Each structure stands twice: as structure tokens, then as C-alpha cells.
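Residue numbers (the numbering used here), protein chains in the order written: chain H, 2 to 119; chain P, 155 to 268.
We put the CB at the ideal spot given by N, CA and C, even for glycine.
Keep in mind the model is a prediction, meaning the values are calculated, not measured.
Read through the structure below, which is laid out as C-alpha cells, and then see the notes.
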């Protein structure tokens, strides 16, 4: 079974600074996708960034980037120039590729609550 | 473009009752997913519907069921409610045939069982 582990229940960062959220996963599948979702207090889950396992290049979306270490099964999220609006719960998630048995569902980590301070 | 919508926003029931939660996917999306976000348990996959059929379900008892209508909207039914069913229920939709199965989430329904 696939598992996703987020070992940091809470993190804090000062505005304009950089923070890295950790995520590790376990799978025997070779085709999969990894995601970071953000859930603000308003609770609507928003996709932040995704990474295809077959791509060696780390994904980047504006201030958000990932460090994807496939051999180590690590998928961390880096937020640069943190803003007050980044405060939220961040979930790391896994899904198998289209031809795998896990393609139909996301497996989530337990989340990291990020606080942004002035 | 309208996102995934869910109703009601909040639902209060008592033990033993039945709850019905509704979800409308993004226009053009044929797959609907249900997740339970219970305090202390994180997000857990409940059900997946595609083209009107139940395609997969998570590790939940049979009293959790649902259906998908011809317009791709979906209902989640929870029978014989128990206190531990209190949670935020999130619905998501996607184009299943897409290469990476990106799921878009609704705002959720908060179910409280008294």
C-alpha cells in the first residue's frame, strides 16, 4: 500500500523568508504523481504544485518549488518570499499513474500547518 | 467557470439517522471523488464514481454509499450515523482520462453527529 508521511505537524516562517515543508512517501509503483495541496482556514483545498515521477526536473510554480528525490522517495515543498496569505494547512498527496491500481484516489499525508508571522 | 460545489455547507444529525450530501462537479468532469476529513485522521479516500458507476471505494463500511447521476453530480449517503462519522466531507472532480488525474476540490460539507 502507498503511504505518505509528513513529519512536521506545524511550521512557522517570517514574512518574506523561505520555508521548506517535508514529505516522504512509499510506493512500489513506477508511474505516479505527487502533489502539494493547500487548505486555508476557509477549507477549500487548492492545488499548489504537482510533480510527475518520470520527470527529473523539479516542478516550479512562481514562489513554490519542489525538491523531488525519487530514489529517497522524498518530495519537499519550498515556499520563497513567504506571504501572510500562505498561512494554511499543506498536504502532500500521491496518486498512481493512469494504468495503475491507485490512479483513482489520492493518498494524503497528515498535513503541516504553516504559520506566517510579521 | 464554476468550481466544484457541495451542499449543504453544514449538516447536523443524531445517531442512527441518515445523511445525504451532494456534489456538483466542474462542467465537463466525469469523475467524482469523496473524501472524509476527520479530526486526527487526516484525509481518507471514500468513493470514486465515473460515468455513473462506482469504480473504487476506500476502507469504509457499507453504510457509506452513493451514486452518480447522468449529469455527473453525485450524492453521498451515510446510513445509521455514528458519532465518529462527524467530519468534513470533501468532494472532488476530475477528467479521468487526463494524464495526471488532477482533482479539484469543493468547499466541503461539515457533518456533525450528536
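Min CB distance residue 111 of chain H to chain P below 8 angstroms: Yes, its Cβ sits closer than 8 angstroms to a Cβ of chain P.
Opening and closing residue of the beta strand (DSSP E) in which residue 220 of chain P lies: 218-222
Exposed unless 16 or more other CB atoms sit within 10 angstroms - verdict on residue 172 of chain P: exposed
Check: residue 51 of chain H C-beta below 7 angstroms from any heavy atom of the ligand SAM: By its list of ligands, the structure shown contains no ligand whatsoever, and the ligand SAM lies outside what it can speak to.
Nearest candidate by alpha-carbon position, reference residue 107 of chain H, set H:22, H:15, H:115 and H:92: H:92
With 16 other Cβ atoms within 10 Å as the buried cut-off, status of residue 179 of chain P: buried
Assigned exposure category for residue 85 of chain H - 16 Cβ within 10 Å defines buried: exposed
8 angstroms contact criterion, which residue 176 of chain P and residue 229 of chain P should meet: CB distance rounded: Residue 176 of chain P to residue 229 of chain P, Cβ: 6 angstroms. Contact.
Chain P within 8 angstroms of residue 44 of chain H, Cβ atoms only: yes
Whole-Å CB distance - residue 200 of chain P paired with residue 218 of chain P, under 8 angstroms assumed: 6 angstroms
Meets three-Cβ-pair contact criterion under 8 angstroms: the region 160-170 of chain P and the region 41-59 of chain H: no
Residue 83 of chain H vs residue 18 of chain H beta-carbon contact at 8 angstroms: It is a contact, given that the beta carbons lie within the stated cut-off.
8 angstroms Cβ shell around residue 15 of chain H - same chain, five flanking residues per side excluded: Residues of the same chain with a CB within less than 8 angstroms of the CB of residue 15 of chain H, apart from the 5 flanking positions on each side, are 83, 117, 118 and 119 in chain order.
Same chain only: Cβ atoms within 7 angstroms of residue 46 of chain H, ignoring 5 sequence neighbours per side: 38 and 40
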